[in-house]
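If you're matching them up, the sequences are chains A and B in order. Just so you know, the first sequence maps onto residues 1 to 346 in the numbering used here. Just so you know, the second sequence maps onto residues 347 to 692 in the numbering used here. First up is the structure itself, then whatever we jot down about it.
2 protein chains.
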Amino acid sequence: MSSKTPLTYKNAGVDIDAQNEALAQARESILQSSTPGVLGNVGAFGGLFDPAKAGCRDAVLVSSADGVGTKLDVAKRAGIYGTVGRDLVQHCINDILVQGARPLFFMDYVGTGRLEPHVVSALIRGCAEACKDNGLALLGGETAEMPGLYRDGDFDLVGFIVGAVERDRILDGSRVEAGQHLIGLRSAGLHTNGYSLARRIFFDELKLDLNDRPEPLGGASVCEALLAPHLSYLELLWPLLEQDQLAAMAHITGGGLLDNLPRVLGQHDAHIACDSWTPGGLFQMLVQGGNMERDEAFRAFNMGIGMVLIVPDEHRAAVCAHLESKGEDVYALGRVEAGKGQVHLH
Amino acid sequence: MSSKTPLTYKNAGVDIDAQNEALAQARESILQSSTPGVLGNVGAFGGLFDPAKAGCRDAVLVSSADGVGTKLDVAKRAGIYGTVGRDLVQHCINDILVQGARPLFFMDYVGTGRLEPHVVSALIRGCAEACKDNGLALLGGETAEMPGLYRDGDFDLVGFIVGAVERDRILDGSRVEAGQHLIGLRSAGLHTNGYSLARRIFFDELKLDLNDRPEPLGGASVCEALLAPHLSYLELLWPLLEQDQLAAMAHITGGGLLDNLPRVLGQHDAHIACDSWTPGGLFQMLVQGGNMERDEAFRAFNMGIGMVLIVPDEHRAAVCAHLESKGEDVYALGRVEAGKGQVHLH
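As structure tokens, this is what we get:
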């Protein structure tokens, strides 16, 4: 009825030393992401954050959870673990930014089959560095080694963000009106969406290798194009939010322009001129390689637009001037009109 | 160079209809977990929560991220998906409760290989029902279908909690003093910790089946014993926190009594009399079946103690009276003495 040699947690596949090693390797980056709101209490059960010390009192909290999706598979094939943490953090930042919130703190979760310290620490450091660059704290997280549940070498990376917005500054679509302008901002590529389909097209249909540099990618390798980090629009757009120049925003993630814009349209339609921008070579390869129908492509991918601003006519010139002063391409996608919450591609 | 039949997201393995179906099945439970702090905004990018409407202004936020670990594997083998959500929520609640915080809201993440709506909706409903029972809101979440990253049938479940505590009520160990009492509260079993080792002992060493009812389990099946939900100590302990009768608390999770108590001991040691309680038959089977050394067992498992209260002498009688009035077994584990942050088992 009993095991001959004493069993330990480690020989059941859970190596607490490896966990500690991963955290030690990420520790300096985590500490560098600290902000005035963080109440230092290393080793505590939960992370403590004082919104008042971060300059916000009596604000509404905005929170979002997300993963990186199968962009992780590309990172794993390439052996590049340092960028997907940034993808995750910046995706989460954009998700609350579109409601008018600035980020306060972030928590990460890494689930693995067998914990390799250099992989896990690179994932966490990527999160921490993106937090630092965007002015939020990596407040805590969890690393779980789950033999049997994930295969060796497999992992998932999940993030949670909390931000704050003043009550009268919440952007929820209620300020959207007919006649307002749709302004698109470029994405850096797929961001964190559409990778299951993109992998199938690039690797199975087009039979490309990560190191190939097909002509439409303009010199970039498949790996570089697919792992380009999700852009954060926080620094670019925060001045416009402070000056209250936007009626609404939509972060173009899963579901693309067709499913994300309706989240803020209410009883309006968005009319988009597809010739107002040119999706990059990456998207052209995906559409052609997958022989994709237009609407399917516009749901599966962001098609080169990572963020859409809905701008009242009186602020349009100032908004465009700000964006252009930052070196940003400004795509005049079209207009909002009376309707029923649909997106029309013209 | 191109696919003959048009490719879609669905034939790349991502089924948005299945995702919507899962959410539809969980929707009623999610809505029922709503609290006055939730600003209704279904379909928004992030969840909005107003702490003032939840009765807390100018409080410190306490946040924690966690998973269920390989208890998920037991749930999967048993085909029982309704309880692990509760495990996750109640684990997270305890993690912030020990710092004096009451929970405000929770976010869930489900990662899967192939999204089966009845599985995912059961996972989310389990979270939502536990949120409702504990008075916090399931504010949002993410469901990700990641073909190739998880195998069909595999999934992970991750949670993130935010709570609040008044600045002068934060429990961080600073009130711990020599002479204070260590009071243990029973766990319902392994809670969410030690499952990789427990599965190895039960299934590989003892060759037991989920439906077996070995005598030490007192009539329960292996499945019932292993899936017993993680207890929430919120309702039981909140009155003691409101009356400020506790010096500190430790949630006994990964690392057991030996690694969790030191988080609040500071420059004190905890002296625990191992004869002050009897670990249930489940723990006796694990120790014997794994031929485990005592300290290893006390690090891998909670050994029947899910929470430890550190109680000043002047409040001991009142604390014990409260716990006993709620029908709780009160284990007088021992005392805190001057030391250096260690746990001594006697």
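All C-beta atoms in this analysis are idealised placements derived from N, C-alpha and C, irrespective of residue type, glycine included.
Residue i at chain D interface by Cβ criterion, 9 Å
i, result
"B:His597", "This model lacks chain D altogether, as its protein chains are A and B."
Buried versus exposed call for residue i [16 or more other C-beta atoms within 10 Å across all chains shown]
i, result
"A:Gly179", "exposed"
"A:Asn260", "buried"
"B:Ala667", "exposed"
"A:Asn20", "exposed"
"A:Gln267", "exposed"
"A:Glu296", "buried"
"B:Glu581", "exposed"
"A:Lys207", "exposed"
"B:Gln445", "buried"
"A:Thr278", "exposed"
"A:Thr5", "exposed"
"B:Ala663", "exposed"
"B:His576", "buried"
"B:Ser542", "buried"
"A:Thr53", "In the sequence on display, residue 53 of chain A carries Lys and not Thr. Classification for A:Lys53: exposed."
"B:Gln378", "exposed"
"B:Met347", "Low local confidence applies: a pLDDT of 45 at B:Met347 is under 50, so the model's placement there is unreliable, with the coordinate-based value given in what follows. By the 10 Å Cβ count, B:Met347 comes out exposed."
"A:Pro147", "buried"
"A:Glu145", "buried"
"A:Ser325", "exposed"
"B:Asp454", "buried"
"B:Asp412", "buried"
Integer-rounded CB distance, given that residue j should sit under 8 Å from residue i
i, j, result
"B:Leu586", "B:Ala510", "Contact doesn't hold; Cβ gap of about 18 Å is too wide."
"A:Phe155", "A:Leu227", "Contact flag wrong, Cβ pair sits at about 16 Å."
"B:Val665", "B:Leu655", "7 Å"
"B:Leu434", "B:Gly505", "4 Å"
"B:Gly486", "B:Gly428", "That belief does not hold up - the Cβ atoms of B:Gly486 and B:Gly428 are roughly 21 Å apart, past 8 Å."
"B:Pro608", "B:Gly687", "5 Å"
"A:Cys92", "A:Ile30", "Not quite, the Cβ-Cβ distance comes to about 17 Å (not below 8 Å), so this is no contact."
"A:Ala22", "A:Val120", "4 Å"
"A:Val60", "A:Arg175", "At roughly 16 Å, the Cβ-Cβ gap does not stay under 8 Å, so A:Val60 and A:Arg175 are not in contact."
"B:Val430", "B:Leu503", "6 Å"
Three-state class that DSSP yields for residue i in the structure shown
i, result
"A:Ile183", "strand"
"B:Ile442", "helix"
"A:Ala270", "strand"
"A:Glu224", "helix"
"A:Glu314", "helix"
"B:Arg694", "This structure leaves residue 694 of chain B out entirely; chain B is present only between 347 and 692."
"A:Phe202", "helix"
"B:Phe644", "helix"
"B:Val522", "coil"
"A:Arg263", "helix"
"B:Glu561", "helix"
"A:Glu324", "helix"
"A:Met1", "Reliability of the predicted coordinates at A:Met1 is poor, the pLDDT of 45 falling under 50, and the value obtained from them is presented with this limitation in mind. A:Met1: coil per DSSP, three-state reduction."
"B:Asn357", "helix"
"A:Asp209", "coil"
"B:Met631", "helix"
Run of the beta strand (DSSP E) containing residue i, from where it starts to where it stops
i, result
"B:His464", "Run containing B:His464: none in the beta strand (DSSP E); it sits in the alpha helix (DSSP H), 463–480."
DSSP beta-bridge partners of residue i
i, result
"A:Val343", "A:Ala270"
"B:Phe506", "B:Ala411, B:Met453"
"A:Leu309", "A:Ile183, A:Met249"
"A:Glu337", "A:Asp269"
"A:Gly46", "DSSP output for A:Gly46 lists no bridge partner at all."
"A:Leu39", "A:Leu48"
"A:Tyr331", "A:Gly184"
"B:Thr458", "B:Glu491, B:Phe501"
"B:Val406", "B:Val511"
"A:Tyr150", "A:Pro147"
Element boundaries [alpha helix (DSSP H), containing residue i]
i, result
"A:Arg199", "195–199"
"A:Glu142", "Premise fails: A:Glu142 lies in the beta strand (DSSP E), 137–145, not in any alpha helix (DSSP H)."
"B:Trp623", "It is not in any alpha helix (DSSP H) - B:Trp623 carries neither H nor E in the DSSP assignment."
"A:Gly256", "256–260"
"B:Val420", "417–424"
"B:Ile362", "362–378"
"A:Pro239", "234–242"
heavy atom of the ligand MN below 8 Å from residue i C-beta
i, result
"B:Thr599", "Among the components of this structure there are no ligands whatsoever, and the ligand MN is therefore not found."
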